[in-house]
Structures are given as C-alpha cells and as structure tokens.
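**Q** All the letters of the sequence shown, read from the start, carry residue numbers 1 to 331 under the numbering used here. Even for Gly, the Cβ is constructed at its ideal location relative to N, Cα and C. Questions regarding the structure given below will be posed in turn.
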Amino acid sequence: MSNGKRRYFPGANTGRGFIGHFEGIVPPWSEPHYTYVLKGGPGVGKSTLMKKCAAIARANGFTVEEFRCASDPESFDAVRIPQRRLVLLDGTAPHTIDPAMPGIDGETLDLGRFLHKEVFKRRREELFVLAEENRAHYKNAFACLSAAGSLRRAAVSEAARSADLTMIRTFLKEGFTLPKEGTPRTLFLTSPTPAGVADFREAQDAENTVYLPGVLGAVFLNEAMKLVQNTQTEIFLHPLTPEAPQCVRIGDTMLCAADDTRSTLNEFLLSPLSDFIPFAMQEAETLTAQAVEELRLCKRTHDAIETIYRPFVDYDHVERETNRLLETLKL
C-alpha cells in the first residue's frame with residue numbers, strides 16, 4: 001500500500017449516467033462502521049474536513065481509504081478508516097445519503113447551517129442560471145459516454161464471439177484460489193473527470209497486478225466476475241460499460257483490462273478478431289475525450305457556484321465544528 005492509503009471512486013460518470021456504489025465504501029464482509037454524513041451546499045467545507053481527518057489518521061499510522069469525487073478528483077466524497085470502523089462521507093446530491101439509524105450506525109453533520117442564507121438568497125437568480133448551464137454540460141457529457149459505452153460493449157461482444165471461452169474459464173479456475181463465500185465489494189477505480197480519465201489502479205496494495213491487454217482482456221474480466229460473484233472479493237466496474245468489470249481482485253492479485261487495440265492473448269482465440277473492434281475502441285476513446293471536455297465545463301460552472309457560496313459561509317464556525325469532530329474521533 002502506498003503511504004497507508006488507497007483511492008477509489010464510489011461513483012463514476014459512466015456510459016449509463018452517473019452511477020454510485022456508495023454501499024461499497026464499507027466492504028460487505030467487514031464489521032459495521034459508524035458513519036458521519038456531511039451535509040451542506042457547495043463550498044461549505046465538507047471535502048476540506050474529510051481531507052483533514054484523513055491526513056491526521058494517516059499521520060497517526062492508520063490505513064486510510066480515500067473516495068474521490070468524479071466531478072473533481074481532487075475533492076473527497078468519503079473517507080474510511082478501517083481500524084477505527086469509521087466513515088465520513090458527503091451525503092448531498094447526486095448521492096443523497098442519510099444514516100439508517102441515527103445515533104446507532106451514524107449521524108448527520110450539517111455544515112450548511114453556517115451559511116448566511118438570508119443574505120445569500122440575493123444571488124438566487126444567478127445561481128439558477130449557473131445550475132442550468134451545469135446541467136446542460138452534464139447532459140452533453142453523458143450523451144458522449146453513452147455512445148462510447150455502446151461502442152465498447154459491441155467491441156467486447158465481438159471479441160467474445162472469437163474467444164475460446166472454455167479455455168479462458170479453465171485458465172481462471174486453475175490459476176486462482178477463490179476467496180471465502182460472500183458478497184463482493186463493488187466500486188470504481190477509473191472515471192472520466194474534468195481533469196481527464198482519472199485512474200487509481202496503481203493506488204492499491206495488490207501484491208501482483210496483471211494487465212490483460214486488448215479487448216480480449218475485457219472478455220477475461222467478464223468471465224472472472226462470473227467466477228467470483230458469490231465471494232468476498234472486490235469488483236471494480238468499467239466506467240463506459242458499468243455492468244462489466246474493469247478490474248477484479250482475486251486474493252492478492254488484481255486482474256485489470258487494458259483497453260487498447262493490441263493483444264498478446266491470441267492463444268485464447270478460436271478465430272481472428274473483427275476489424276470492427278479497433279474502429280469501435282478508437283471512436284469510444286474520441287467520444288470519451290469529448291465527454292471530458294464537457295465535464296471540464298461542468299466544473300467551471302460548479303466553481304462559479306462555489307465562488308458565490310464562499311463569502312456567505314462562516315468558516316470560523318466550520319473550523320470549530322471540524323475541531324470538535326476531531327476531538328470526538330480521537331484519531
């Protein structure tokens with residue numbers, strides 16, 4: 001593990017819209033965690049609070065799992081500290097979350113109460129215009145990602161028709177020892193973001209990471225997911241085709257698909273791959289790049305919204321609330 005830290009996306013911008021797997025923040029096989037759900041609008045300090053908690057925990061020797069925001073990979077959606085069975089997360093839209101049993105499994109911390117709402121309301125119309133612009137750019141981004149996902153899905157399907165699936169299944173069954181029975185943990189390691197396609201595959205602690213090149217690698221991963229679907233393993237979904245895996249952790253090994261047009265897995269083919277595949281993968285890459293540009297414009301409008309919010313936030317009270325929480329957590 002790098003510096004006692006792993007990074008994930010709990011939700012991603014995908015070929016099927018924004019998809020969240022916030023239930024995967026705590027692995028299904030772990031003991032229950034206590035969750036602090038942070039509320040409040042843009043710019044009130046939710047991510048800053050989580051970053052501070054993560055830094056203190058890491059400095060004190062705790063393992064920290066960082067869950068980044070697909071709309072801004074420098075921002076935090078959640079932090080998990082496994083040894084303390086503790087989670088802090090952003091519970092605002094588009095992933096509105098509340099504790100199931102407040103006081104038992106978690107509690108809400110509303111930083112929005114430090115917003116001077118009466119004065120802030122004077123900027124109402126300006127905020128509505130920016131919010132509408134933001135929605136328009138997201139709509140364009142998801143149109144591009146939907147088309148890219150359709151092309152990648154078709155390319156993988158074509159590759160599967162040429163693959164020796166029996167040979168692939170035998171290879172996987174004989175090559176890996178399955179974990180205990182249970183429910184997999186499901187998250188994302190990559191996502192299109194305003195800063196490009198962010199990739200956290202290297203920010204894991206697997207002893208061995210195997211990259212399966214070419215679209216045939218995706219066929220391997222599909223078969224691997226079937227193999228581990230009822231085990232205590234980790235499945236990381238592909239952002240373009242979020243019904244399918246991009247990486248699967250089996251024990252101490254990470255199997256990852258590397259989307260490119262090259263392949264060194266030709267011994268697993270029954271027939272040559274279709275010429276449609278490189279075309280589809282290239283077009284999917286072009287469409288993803290355009291989606292990233294639209295997401296960059298989304299962030300520009302979101303930053304403008306945060307700029308409007310910040311002067312009306314009482315950050316002295318936010319800082320006191322942060323320090324109070326840190327004392328409670330005893331990190």
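Exposed or buried, residue 211, counting other C-beta atoms within 10 Å across all chains shown (16 or more means buried)?
**A** Locating residue 211 in the sequence shown gives position 211, where the first residue counts as 1. Exposed, since its Cβ has fewer than 16 Cβ neighbours within 10 Å.
**Q** Tell me the DSSP secondary structure of residue 167 in three-state form.
**A** For the purposes of this step, residue 167 is identified with residue 167 of the sequence shown, where counting begins at 1. In the structure shown, residue 167 sits in a helix (DSSP, three-state: H, G or I).
**Q** Quick one: Cα of residue 242 to Cα of residue 16, how far?
**A** Sequence index remark: in the sequence shown, residue 242 carries index 242 (1-based). Sequence index remark: in the sequence shown, residue 16 carries index 16 (1-based). Cα to Cα, residue 242 sits roughly 7 Å from residue 16.
**Q** Quick one: using the 10 Å Cβ neighbour count with 16 as the cut-off for buried, is residue 156 buried or exposed?
**A** Start at 1 with the first residue of the sequence shown, and residue 156 comes out as number 156. Result: buried.
**Q** Cβ of residue 188 within 9 Å of Cβ of residue 236?
**A** Reading the sequence shown from its first residue, position 188 is the one you call residue 188. Reading the sequence shown from its first residue, position 236 is the one you call residue 236. Against a cut-off of 9 Å, the Cβ pair of residue 236 and residue 188 comes out as a contact.
**Q** Please go through the same chain and pick out, in chain order, the residues whose beta-carbon is closer than 6 Å to the beta-carbon of residue 336, but skip the five residues on each side of it.
**A** Residue 336 falls outside the range modelled here, since the chain spans only 1 to 331, and no answer is possible.
**Q** Nearest to residue 149 by alpha carbon, out of 304, 300, 289, 320?
**A** Counted from its first residue, the sequence shown places residue 149 at position 149. Comparing Cα-Cα distances from residue 149 to each of 304, 300, 289, 320, the minimum goes to 289.
**Q** State the CB to CB distance for the pair residue 200 and residue 190, rounded to an integer number of angstroms; the pair is presumed to be in contact (CB under 8 Å).
**A** Here residue 200 refers to the residue found at position 200 when the sequence shown is read from its first residue. Here residue 190 refers to the residue found at position 190 when the sequence shown is read from its first residue. Confirmed, about 7 Å.
**Q** How far does the alpha helix (DSSP H) with residue 234 in it reach, from first residue to last?
**A** Residue 234 sits at position 234 when you count from the first residue of the sequence shown. That residue, residue 234, is in no alpha helix (DSSP H); its beta strand (DSSP E) goes 234-237.
**Q** Quick check: what's the CA-CA separation for residue 13 versus residue 136?
**A** Along the sequence shown, one-based indexing puts residue 13 at 13. Along the sequence shown, one-based indexing puts residue 136 at 136. About 15 Å.
**Q** Spatial neighbours of residue 141 within its chain, please: C-beta separation below 6 Å, excluding the five flanking residues on both sides.
**A** If you number the sequence shown from 1, residue 141 lands on position 141. These residues qualify, in order along the chain: 291, 294, 295.
**Q** Report the option in 62, 304, 111 whose CA atom is closest to the CA atom of residue 47.
**A** Taking the sequence shown and counting its residues from 1, the one referred to as residue 47 is at position 47. Answer by Cα proximity: 111.
**Q** Rounded to the nearest angstrom, what separates residue 2 and residue 185 at their Cα positions?
**A** For the purposes of this step, residue 2 is taken as the residue at position 2 of the sequence shown. For the purposes of this step, residue 185 is taken as the residue at position 185 of the sequence shown. Residue confidence is low: residue 2 scores 48 on pLDDT, short of 50, so the model does not pin down where it sits. No coordinate-derived value is stated.
**Q** Do residue 5 and residue 203 have their C-beta atoms within less than 9 Å of each other?
**A** Within the sequence shown, the letter at position 5 stands for residue 5. Within the sequence shown, the letter at position 203 stands for residue 203. It is a contact, given that the beta carbons lie within the stated cut-off.
**Q** Check for me: the beta strand (DSSP E) holding residue 74 runs from which residue to which?
**A** Residue numbering aside, residue 74 sits at position 74 when the sequence shown is read from its first letter. Counting along the chain, the beta strand (DSSP E) containing residue 74 begins and ends at 72-81.
**Q** List, from N- to C-terminal side, the beta strand (DSSP E) runs of 3 residues or more that fit wholly inside the stretch 148-209.
**A** With a minimum length of 3 residues, the continuous beta strand (DSSP E) runs that stay inside the stretch 148-209 are 185-188, 190-193, 196-199.
**Q** Within a Cβ cutoff of 6 Å, which residues of the same chain sit near residue 29, ignoring the five residues on either side of it in sequence?
**A** Your numbering for residue 29 matches position 29 in the sequence shown. Within the same chain, residue 29 has close Cβ partners 182, 232.
**Q** Sorted by chain position, which residues of the same chain lie with C-beta nearer than 8 Å to residue 168's C-beta, five sequence neighbours on each side aside?
**A** As a first step, residue 168 must be located in the sequence shown, where it is residue number 168. For residue 168, where only same-chain residues beyond five positions count, the Cβ hits under 8 Å are 219, 220, 223, 268.
**Q** Figure out for me which residue from 103, 39, 26, 310 has the closest Cα to the Cα of residue 96.
**A** For the purposes of this step, residue 96 is identified with residue 96 of the sequence shown, where counting begins at 1. Closest option to residue 96, Cα to Cα, is 39.
**Q** So is residue 71 buried or exposed if we call it buried at 16+ other beta carbons inside 10 Å?
**A** Your numbering for residue 71 matches position 71 in the sequence shown. So residue 71 ends up on the buried side.
**Q** Compute the beta-carbon to beta-carbon distance between residue 103 and residue 37, rounded to the nearest angstrom, for a pair I have assumed lies under 8 Å.
**A** Translated into the one-based positions of the sequence shown, residue 103 becomes position 103. Translated into the one-based positions of the sequence shown, residue 37 becomes position 37. Going by Cβ atoms, the distance from residue 103 to residue 37 rounds to 12 Å, so no, they are not a contact pair.
**Q** Which residue marks the beginning of the beta strand (DSSP E) containing residue 344, and which one marks its end?
**A** Because the chain is modelled from 1 through 331, residue 344 falls outside the range shown and cannot be assessed.
**Q** Write down every uninterrupted run of the beta strand (DSSP E) in the stretch 280-304 whose length is 3 residues or greater and which is fully enclosed by it, in chain order.
**A** DSSP runs (the beta strand (DSSP E)) wholly in the stretch 280-304: none.
**Q** Would the C-beta of residue 54 count as close to the ligand NAD, meaning under 8 Å from any of its heavy atoms?
**A** This structure does not include the ligand NAD; it has no bound ligands of any sort.
**Q** Note down the Cα distance separating residue 322 from residue 61, rounded to an integer number of angstroms.
**A** Numbered from 1 along the sequence shown, position 322 holds the residue referred to as residue 322. Numbered from 1 along the sequence shown, position 61 holds the residue referred to as residue 61. If you take the alpha carbons of residue 322 and residue 61, they lie about 20 Å apart.
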